[in-house]
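Q: I am attaching a structure below and will ask some questions about it afterwards.
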Amino acid sequence: MSDHWVLERFRAVDRKDIDGFIDMLTDDHVFVFGGRPPVIGKADAREQVLIFWSLIGRLKHNIWRVTEAGELIFVEANVDYERLDGKWVTVPCCDVIRIRGDKICEQRAYLDQGPVWAEAAETVAAG
Numbered sequence: 002m003s004d005h006w007v008l009e010r011f012r013a014v015d016r017k018d019i020d021g022f023i024d025m026l027t028d029d030h031v032f033v034f035g036g037r038p039p040v041i042g043k044a045d046a047r048e049q050v051l052i053f054w055s056l057i058g059r060l061k062h063n064i065w066r067v068t069e070a071g072e073l074i075f076v077e078a079n080v081d082y083e084r085l086d087g088k089w090v091t092v093p094c095c096d097v098i099r100i101r102g103d104k105i106c107e108q109r110a111y112l113d114q115g116p117v118w119a120e121a122a123e124t125v126a127a128g
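Add 1 to the 1-based position in the sequence shown for the working numbering, that's all there is to it.
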């Protein structure tokens with residue numbers, strides 16, 4: 002696997018290092034995470050990522066393929082999420098990242114996080 006500098010983005014996320022993550026983005030950065038509305042700009046990215054991190058315990062990107070094509074980088078991984086109940090679930094993911102110079106200007110994360118929230122929703126409904 003290539004040790005491309007963009008992989009530091011995933012290491013920063015796994016550490017929940019918000020500044021390390023935000024510093025890699027252009028000011029006009031666009032992030033689409035699953036089926037959520039686009040997050041535009043660094044301030045919005047910071048806010049949304051911190052909210053997301055508050056809803057989970059830890060996470061770990063297990064990257065198994067990186068493919069580069071010009072300004073695009075495709076990162077395929079299995080992401081381990083620790084839910085707030087302490088249980089772990091694994092979700093397959095593919096990120097499409099567009100770079101501009103030495104910054105990330107666009108990211109699209111294709112994944113289904115249903116398994117992360119499934120039991121939590123069942124617990125609330127049964128509660």
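Glycine included, each C-beta is placed from N, C-alpha and C at the ideal position.
Small disclaimer: the values here were computed from a predicted structure and weren't measured.
1. Would you mind stating whether Arg84 and Val117 have Cβ atoms separated by less than 9 Å?
2. Can the beta-carbon of Ile135 be found closer than 9 Å to that of Phe75?
3. Would you tell me roughly how many angstroms separate the C-alpha atoms of Ile15 and Ser55, rounded to the nearest one?
4. Beta strand (DSSP E) containing Ile23: first to last residue?
5. Looking at the structure shown, is Ala126 part of a helix, part of a strand, or coil, going by DSSP?
6. Can you tell me the Cα-Cα spacing of Ile41 and Cys106, whole angstroms?
7. Could you check which residue in Asp29, Gly35, Thr68 and Glu48 has the C-alpha nearest to that of Asp20?
8. Based on the DSSP secondary-structure assignment, which residues constitute the bridge partners of Gln108?
9. Where Lys17 and Leu60 are concerned, what is the direct C-alpha to C-alpha distance, given to the nearest angstrom?
10. List the DSSP bridge partners of Trp89.
11. Looking at Ala35: is its Cβ nearer than 9 Å to the Cβ of Asp113?
12. Quick test of your reading: Phe22 and His62, contact by CB under 8 Å. State the CB separation rounded to the nearest angstrom.
A: The answer reads as follows:
1. yes
2. One cannot answer for residue 135 here, as it falls past the ends of the chain, which runs 2 to 128.
3. Ile is not the amino acid found at residue 15; the sequence shown has Asp there. Each residue's alpha carbon lies about 13 Å from the other.
4. Taken as a continuous stretch (DSSP letters only), Ile23 belongs to no beta strand (DSSP E), being part of the alpha helix (DSSP H) at Ile19 to Ile23.
5. Reliability fails at Ala126, whose pLDDT of 49 lies under 50, so the model's placement of it is uncertain and no value is given.
6. 10 Å
7. Glu48
8. Phe32 and Ile98
9. 9 Å
10. Glu83
11. The residue you asked about is not Ala; residue 35 is Gly in the sequence shown. It is a contact, given that the beta carbons lie within the stated cut-off.
12. 12 Å between Cβ atoms; not a contact.
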